Amino acid sequence: MTTAKARREEIYRLATTAGLTSVEELSQRFNVTASTIRRDLALLNDEGKLARTYGGALAIGAHPEASLRQRIGEAFEEKQAIAQWAAGQVQAGESILLDGGSTVGALAHALRDRSGLTVTTPALNTVQELADSPGIHVDCLGGRLRSVSQTFVGPLAEAALERMTFDRVFLGADAVTADDGICEADQAQTRLKELMARRGADVYVLADSSKLGQRPFHAWVRLPLPWMLVTDADADPHEVELFRRAGVRVTIAQGAHAGTSGRLGAEEAS
Numbered sequence: 028m029t030t031a032k033a034r035r036e037e038i039y040r041l042a043t044t045a046g047l048t049s050v051e052e053l054s055q056r057f058n059v060t061a062s063t064i065r066r067d068l069a070l071l072n073d074e075g076k077l078a079r080t081y082g083g084a085l086a087i088g089a090h091p092e093a094s095l096r097q098r099i100g101e102a103f104e105e106k107q108a109i110a111q112w113a114a115g116q117v118q119a120g121e122s123i124l125l126d127g128g129s130t131v132g133a134l135a136h137a138l139r140d141r142s143g144l145t146v147t148t149p150a151l152n153t154v155q156e157l158a159d160s161p162g163i164h165v166d167c168l169g170g171r172l173r174s175v176s177q178t179f180v181g182p183l184a185e186a187a188l189e190r191m192t193f194d195r196v197f198l199g200a201d202a203v204t205a206d207d208g209i210c211e212a213d214q215a216q217t218r219l220k221e222l223m224a225r226r227g228a229d230v231y232v233l234a235d236s237s238k239l240g241q242r243p244f245h246a247w248v249r250l251p252l253p254w255m256l257v258t259d260a261d262a263d264p265h266e267v268e269l270f271r272r273a274g275v276r277v278t279i280a281q282g283a284h285a286g287t288s289g290r291l292g293a294e295e296a297s
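The numbering used here runs 27 ahead of the 1-based position in the sequence shown.
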């Protein structure tokens, strides 16, 4: 008899080679119930190996979802420039919502010494960044922990959001396009981001230039206008123009290495 671990390893192998996506097909192949397969897919999804779509099927991105730990070291300078610009928008006395992800985590770090702020988040890295900041009140959205992203998702987090509004919402993204919005590996995470965007007066998507125009997964968040994309100086001008034509405001965060001034700044295309 095939063990559960061996079955999940085989599901992962099949998905990445033969492209099997049907719960029913997998159920028949392994002679187990559809519920068992769905549990397997949920575990593989939480491990960042597979991305699920509606109806219980799964889809594999061209690049498996990287863990938060892996992403922290990627595009480090670009993320710092984006975070510093975003931190400059936050005013004393505001209530803000910080999503998960490495770039939003960098923003949390940039806010550590502020006072008079209320920060709400579903992300463990943001909680850790702000836990010892005496001037910041932290509210945490609970729910089911997605280990690969280190964020809480699900009905409990969604229900809590319905009772809150925010001056500013800062969202992360696995990728973002002008026509379809934010791309993510997990439907529960896209659902939470969609609700987050509805609760903020000003909505920002923090995404370094490598994420623009990419489609690594099959779960999407369509954001209602207006919202702002904050990216870095390496952003493809064509991609920036696509966002601008779609009605999205775009800010290019300039790091210390950009330009001749050696100072952090921003350039906005509206």
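All C-beta atoms in this analysis are idealised placements derived from N, C-alpha and C, irrespective of residue type, glycine included.
All figures in this text were calculated on a predicted structure; none of them were measured in a lab.
Continuous beta strand (DSSP E) stretch holding residue i: start and end
| i | result |
| --- | --- |
| Gly255 | The question names Gly, but residue 255 in the sequence shown is Met. Residues Met255 to Asp259. |
| Thr145 | Leu144 to Thr148 |
| Val196 | Phe193 to Leu198 |
| Arg173 | Arg171 to Arg173 |
Proximity below 9 Å, CB of residue i to CB of residue j
| i | j | result |
| --- | --- | --- |
| Gly248 | Glu266 | Rather than Gly, the amino acid found at residue 248 in this sequence is Val. Cβ distance not < 9 Å, so Val248 and Glu266 don't count as in contact. |
| Thr192 | Ser122 | yes |
| Arg226 | Leu124 | yes |
| Glu211 | Ala200 | yes |
| Asp159 | Thr148 | no |
| Thr217 | Ala246 | yes |
| Leu157 | Arg173 | no |
| Gly169 | Leu188 | no |
| Phe244 | Ala202 | yes |
| Ala69 | Ala110 | no |
| Arg242 | Asp207 | yes |
| Gly162 | Ala205 | no |
| Leu219 | Glu185 | yes |
| Phe57 | Thr30 | no |
| Glu51 | Ala61 | yes |
Residue range of the unbroken alpha helix (DSSP H) whose run includes residue i
| i | result |
| --- | --- |
| His164 | Note, His164: premise wrong, no alpha helix (DSSP H); beta strand (DSSP E) at Ile163 to Cys167. |
| Glu121 | Careful: Glu121 lies outside any alpha helix (DSSP H) and carries neither H nor E. |
| Leu70 | Ala61 to Asp73 |
| Val275 | Segment: none, Val275 is in no alpha helix (DSSP H) and carries neither H nor E. |
| Ala246 | Looking at the DSSP string, Ala246 is not in any alpha helix (DSSP H); the run it does join, the beta strand (DSSP E), is Ala246 to Val248. |
CB-CB length for residue i against residue j, believed under 8 Å
| i | j | result |
| --- | --- | --- |
| Ala150 | Asp259 | Not really, about 21 Å apart at Cβ, beyond 8 Å. |
| Arg35 | Asp67 | 5 Å |
| Thr153 | Val131 | 7 Å |
Would you be able to state if there are at least three C-beta pairs under 8 Å between the stretch 275–284 and the stretch 253–260? Contact between the stretch 253–260 and the stretch 275–284 is present, because at least three Cβ pairs lie under 8 Å.
Hey, is the stretch 230–237 in contact with the stretch 195–214, meaning 3+ C-beta pairs nearer than 8 Å? yes
Contact the stretch 173–181 vs the stretch 103–114: 3+ CB pairs below 8 Å: no
Quick one: which unbroken beta strand (DSSP E) runs of 3-plus residues sit fully inside the stretch 205–237? Chain order, please. Counting whole runs of 3 or more residues, the stretch 205–237 contains the beta strand (DSSP E) stretches 208–211 and 227–233.
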